[in-house]
Amino acid sequence: MTDRALKVGIVGYGHLGQFLVEKIQKEGPEAGLQLAFVWNRNADKFRDSLPKELILHDLSDFTCRDTDVIVEVCHPMIVKEFGVRFLSHAHFMVGSPSALSDPQLEQDLRTAAKQHGKTLYVPSGALWGGQDIQKMNDSGTLRALSVRMSKHPSCFRLTGGLLSDWREGEGRRVLYHGSVAELCPIAPNNVNTMAAAAIAASKLGFNGVTGEIVSDTALSDYHIVEIEVTGPDGFTVKTVRQNPAKLGAVTGNATYNSFWSSLLGMYKKDRCSALP
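Take the UniProt record's numbering: the final residue in the sequence shown is number 276, and no numbers are missing along the way.
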């Protein structure tokens, strides 16, 4: 993208945001990355862990910072509220692509990116084989795509009180099976892998990709992501990814490095894909 350091604004300071901030602080100079600002809804969470000049207290003030790319790693509502404005100022990496299940929002973001000459990026996260899915999609050979995510119930953040009655030792429970479009509002923080799959499979889209979430009290040490791709003439590919994760963790451990790799790719232009 440029020979100078890429100035990165991080929006969200949960586990993933903290990981990215620490990575940029430690490895940024060598990797060509530099922190422009860090924002979190609750500024108390910083606890003097960052220089004051890097802390952005009001997200609306992001335009006052010299920023090349803004990385959202907090909640889909931030994408909805600020995404178009972000793209008027910088490139934008959407860490909560479940927000793009709203077709009007996706169109607004694409229009803003084109209007301002910016790029809208979606990191692969826990999606395994995303580039292969996109190749099949682009060639017209993708017939169907399904993604199943299984986690310990403490790892889900669901709307409407769904799963509030879980008990330790209850075993496996299918919480939802259907279109990813309808699932994203139910589990906005848990199904970003599915959203990334729906974006890669753009001809199927959020309505055409099937998603399933499963609560399983036996999964105390990892999340499982199962992907089934169907092509012509009986062609199928099934993958199972076991992603180490602590109890209560929304994001598996391997996903952190995947985000970092995607961010590096924006500088090196070889590891992260923009929306088609």
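Cβ coordinates follow ideal geometry from the N, Cα and C atoms, glycine included.
Which whole runs of the beta strand (DSSP E) in the UniProt domain "Aspartate dehydrogenase" (171–255) are 3 residues long or more, in chain order? Counting only runs that start and end inside the UniProt domain "Aspartate dehydrogenase" (171–255), the beta strand (DSSP E) elements of at least 3 residues fall at 172–179, 210–216, 222–230 and 236–244.
Can you find the residues in the same chain that come closer than 7 Å, C-beta to C-beta, to residue 280, ignoring five residues on each side of it along the sequence? It is not possible to answer for residue 280, since the shown part of the chain is limited to 1 through 276.
Do you know whose CA, among 235, 181 and 227, lies nearest residue 104's CA? Of the candidates 235, 181 and 227, the one whose C-alpha sits nearest the C-alpha of residue 104 is 181.
Proximal residues to residue 147 (C-beta, below 6 Å), its chain only, five neighbours per side dropped: Result list for residue 147: 194, 197, 211 and 227, in chain order.
Suppose contacts are defined by Cβ-Cβ distances below 7 Å. Is residue 84 in contact with residue 108 by that definition? Between residue 84 and residue 108, the C-beta gap is smaller than 7 Å, which places the two residues in contact.
DSSP three-state label for residue 11, please. In the structure shown, residue 11 sits in a strand (DSSP, three-state: E or B).
Considering only DSSP beta bridges, list what residue 91 is partnered with. In the DSSP assignment, the residues bridged to residue 91 are 69.
My understanding is that residue 224 touches residue 240, with C-beta atoms under 8 Å, so please give their C-beta distance in whole angstroms. Sure, about 7 Å apart at Cβ, within 8 Å.
Over the uninterrupted alpha helix (DSSP H) stretch that includes residue 5, give me the two end residues. Under the DSSP assignment, residue 5 falls outside any alpha helix (DSSP H); it carries neither an H nor an E label.
Taking Cβ positions, are residue 201 and residue 209 nearer each other than 7 Å? Contact annotation: residue 201 and residue 209 have beta-carbon atoms nearer than 7 Å.
Do residue 143 and residue 230 come within 7 Å of each other at the CB atom, strictly closer than that value? Going by C-beta atoms, residue 230 is nearer than 7 Å to residue 143.
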